[in-house]
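Undergrad: In my numbering, the protein residues as written are 227 to 806. Idealized CB from N, CA, C, for every residue including glycine. Supplied in structure tokens, the structure appears directly below.
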Amino acid sequence: MRPSTFMTEFALKEIMSSGGAEDDIPQGERKTVTDFCYLLDKSKQLFNGLRDLPQYGQKQWQSYFGRTFDVYTKLWKFQQQHRQVLDNRYGLKRWQIGEIASKIGQLYYHYYLRTSETSYLNEAFSFYSAIRQRSYYSQVNKEDRPELVVKKLRYYARFIVVCLLLNKMDVVKDLVKELSDEIEDYTHRFNTEDQVEWNLVLQEVAAFIEADPVMVLNDDNTIVITSNRLAETGAPLLEQGMIVGQLSLADALIIGNCNNQVKFSELTVDMFRMLQALEREPMNLASQMNKPGMQESADKPTRRENPHKYLLYKPTFSQLYTFLAASFKELPANSVLLIYLSATGVFPTGRSDSEGPYDFGGVLTNSNRDIINGDAIHKRNQSHKEMHCLHPGDLYPFTRKPLFIIVDSSNSVAYKNFTNLFGQPLVCLLSPTAYPKALQDQSQRGSLFTLFLNNPLMAFLFVSGLSSMRRGLWEKCQEYLRKINRDIAQLLTHSRSIDQAFLQFFGDEFLRLLLTRFVFCSATMRMHKIFRETRNYPESYPQLPRDETVENPHLQKHILELASILDVRNVFFENTIDDY
């Protein structure tokens, strides 16, 4: 007997008795309504079960997702094929169709989160966009049911997240205006208690949209939307004679725990920028695969895989360690695990007799206590280490496999005191611990260091004092920056004194681009007139040979030429080495 048969038959009698004598309904139409009720019940069961799946681990969830997609595909096609019968006999409303489409959009979005395949975002966008274009939720406001309006508001919030991830900023702005009108109508009609929460949603997305410090403009002053995912020409190519490792980036943990940084839907600006730096441009999914998880490996497009990612917003230490252990366990052979930490610094208090991996502090993890204010977190007892902190020593067990760490924090230098215990490739890229006071404080709108790793030209413009630029000049500078990246790649691979760990990671496109952008960031800051303190510069473990990389005269010349194109050469030192 089918699950929920009793409930389906009970609901069926209720529905049909409201439309006239039950005996007058043809058997075929009765079966249509019965089948629809069954598919609807089954889809709800499976969808609700998704929240019980473990958030970590890449294998357990796939078969369940596949079954859920199967049922929703059947349900969607079924309501299309039998719309008239369902309208007449079931009383199918347009908002109910919208709910089905919204659930399918959510499935595709969560499949993107699970797989990091950006093409699924396009599928989510297609379903969310259809709901809006066909006005499936338009009649909801006429019904005196606040819970239905909340469904509509949540749909808008989810649609906005997908559009942000796809850089569809024009659509985002339209959706925000529509959502604002819907919230105003909702709170006016129902006088609800969640008005403050929904207004906060509007404030968050508005701040998120405005996070970029530089606008690129068309000739008619409309804003150009720039994408920072990896394009075909993004990473510098490996040239003949470059000897690099064959490791590939397979997994990444992107962790955001900065106090007061702009965020939307548990995604801070820094997390948003880093996840895009670890993804390729989306392709049209329809031309490549039929259904998530169902494509044969032989049909997969070449070189399209993105590293799998976990996005952790303000995790506790336990949560962070659980996800880290899961990634470590499932890391394939010859692969790299990347850990990105954008978090408030935790500093040691008092003096320690030793200088071990737990004596320099680290970065904040969530304590589930709302007592943390400011950037420096102090312990109750100076003889104990801060427990709500990810110390460098906490990462030591995971250095048994190739590990690439990026720390963007006011205490990033704590991770400079690493020890490579197991001889596996290990690199830490560390942000400046402070920025010059003369530089406009942008910390709430995202870190400058992460911006350099995500969009180096925008970061360069910002430190040069520019807030807008014409599209033609932007594209000219991007082309010149690609040349700089190629030259940085040559500097790194031709260096005689560079630590081999850098070269072992250099075979992977994503890591190669991050490394070249890191060198560009460091060289730019060292040449800039207002970046004069050591703490204003990025560092790394192992250290890079400065004279061959970040202070190389050839690279410095390139940076000055880029500054000349932008007419901002005056903010940089001309004879940088002589000025030290």
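Name the DSSP beta bridge partners of H720, please?
TA: Paired residues: none, contrary to the question.
Undergrad: Determine contact between the region 384-391 and the region 547-562, defined as no fewer than three beta-carbon pairs at a distance below 8 angstroms.
TA: Touching, no, given that fewer than three Cβ pairs across the two stretches are closer than 8 angstroms.
Undergrad: Could you check the C-alpha separation between L473 and F630 for me, to the nearest Å?
TA: Cα-Cα distance, rounded: 11 angstroms.
Undergrad: What's the gap between the Cα of T750 and the Cα of I785?
TA: Roughly 7 angstroms between the two C-alpha positions.
Undergrad: Mind checking E492: buried by the 16 CB within 10 Å criterion, or exposed?
TA: So E492 counts as exposed.
Undergrad: For D634, does the count of other Cβ atoms within 10 angstroms reach 16, so buried, or fall short, so exposed?
TA: It counts as buried.
Undergrad: Is V562 near L475, with beta carbons less than 8 angstroms apart?
TA: Yes; because the gap between Cβ atoms is below 8 angstroms, this pair is in contact.
Undergrad: Between R380, T459, M395, which has its C-alpha nearest D420's C-alpha?
TA: Comparing Cα-Cα distances from D420 to each of R380, T459, M395, the minimum goes to R380.
Undergrad: What are the start and end residues of the alpha helix (DSSP H) that includes F630?
TA: F630 -> not in any alpha helix (DSSP H); beta strand (DSSP E) instead, spanning 629-634.
Undergrad: Count the other CB atoms, across all protein chains shown, that sit within 10 Å of the CB of L339; report buried if there are 16 or more and exposed otherwise.
TA: When all chains shown are included, L339 counts as exposed.
Undergrad: Determine the burial state of E465: buried for a count of at least 16 other Cβ atoms within 10 Å of its Cβ, exposed for fewer.
TA: Burial call: exposed.
Undergrad: In this structure, what does DSSP give as the bridge partners for G482?
TA: Beta-bridge pairing links G482 to Y539, S568.
Undergrad: So the beta strand (DSSP E) R371 belongs to, where does it begin and stop?
TA: Per DSSP, R371 belongs to no beta strand (DSSP E) and is neither H nor E.
Undergrad: Rounded C-beta distance between G588 and H614? I'm assuming under 8 angstroms.
TA: That pair is no contact at about 10 angstroms.
Undergrad: Given a cut-off of 8 angstroms on the beta-carbon distance, is the pair I326 and L301 in contact?
TA: Contact flag set, yes.
Undergrad: Between C703, G317, L391, V375, which lies nearest to A350 when the distance is taken from Cα to Cα?
TA: Closest by alpha carbon: L391.
Undergrad: A356 to G331, Cα distance in whole Å?
TA: If I take the Cα positions, the gap works out to 10 angstroms.
Undergrad: What first and last residue would you give for the alpha helix (DSSP H) that runs through L729?
TA: 726-731 is the extent of the alpha helix (DSSP H) around L729.
Undergrad: If distances are taken between C-alpha atoms only, which option among I409, A433, V431 comes closest to V422?
TA: Out of I409, A433, V431, I409 has the C-alpha closest to the C-alpha of V422.
Undergrad: Is T775 closer than 8 angstroms to M468 when the C-beta atoms are compared?
TA: Against a cut-off of 8 angstroms, the Cβ pair of T775 and M468 comes out as no contact.
Undergrad: Is it true that the region 367-374 meets the region 308-316, where meeting means three or more beta-carbon pairs spaced less than 8 angstroms apart?
TA: No: the two stretches stay apart, fewer than three of their Cβ pairs being nearer than 8 angstroms.
Undergrad: For G324 versus Y298, is the C-beta spacing smaller than 8 angstroms?
TA: No, these two residues do not count as a Cβ contact at 8 angstroms.
Undergrad: Mapping DSSP to helix, strand and coil, what is T494?
TA: Reduced to three states, the DSSP call for T494 is strand.
Undergrad: Give the DSSP-derived three-state secondary structure of G588 in the structure shown.
TA: Reduced to three states, the DSSP call for G588 is strand.
Undergrad: Put F554 into one of helix, strand or coil per three-state DSSP.
TA: If DSSP states are grouped into helix, strand and coil, F554 belongs with the helices.
Undergrad: What number of angstroms, rounded off, separates the C-alpha of E759 from the C-alpha of D278?
TA: Using only the alpha carbons, I get a separation of about 50 angstroms.
Undergrad: Note down, in chain order, each residue of its chain lying with its Cβ closer than 8 angstroms to the Cβ of P462, except the 5 sequence neighbours on either side.
TA: Excluding residues within five positions, the ones whose Cβ falls inside 8 angstroms are R708, N711, R712, I714, A715, R738, L739, T742.
Undergrad: Thinking L692 and L792 are a contact (beta carbons under 8 angstroms), I'd like their distance in whole angstroms, please.
TA: Indeed, because the Cβ distance is near 7 angstroms, the residues count as touching under 8 angstroms.
Undergrad: Could you check which residue in F644, D445, K627, C484 has the C-alpha nearest to that of G571?
TA: With distances taken between Cα atoms, G571 lies closest to C484.
Undergrad: Going by alpha carbons, who is nearest to V495 out of H534, S568, Y763, Q782?
TA: It is S568.
Undergrad: Since P764 and P658 are thought to touch, with beta carbons under 8 angstroms apart, how far apart are those beta carbons, to the nearest angstrom?
TA: Indeed they touch by this definition, with Cβ atoms about 6 angstroms apart.
Undergrad: Using DSSP bridges, identify the partner residues of K489.
TA: K489 pairs with T494.
Undergrad: Can you tell which of P682, F688, L665 has the C-alpha that lies nearest to the C-alpha of Y706?
TA: The shortest Cα separation from Y706 among P682, F688, L665 belongs to P682.
Undergrad: First and last residue of the alpha helix (DSSP H) that includes M684?
TA: M684 -> alpha helix (DSSP H) spans 682-689.
Undergrad: Grab the span of the alpha helix (DSSP H) containing Y337 for me, first residue to last.
TA: Element bounds for Y337: 320-341.
Undergrad: Can the beta-carbon of K611 be found less than 8 angstroms from the beta-carbon of Y641?
TA: Going by C-beta atoms, K611 is not nearer than 8 angstroms to Y641.
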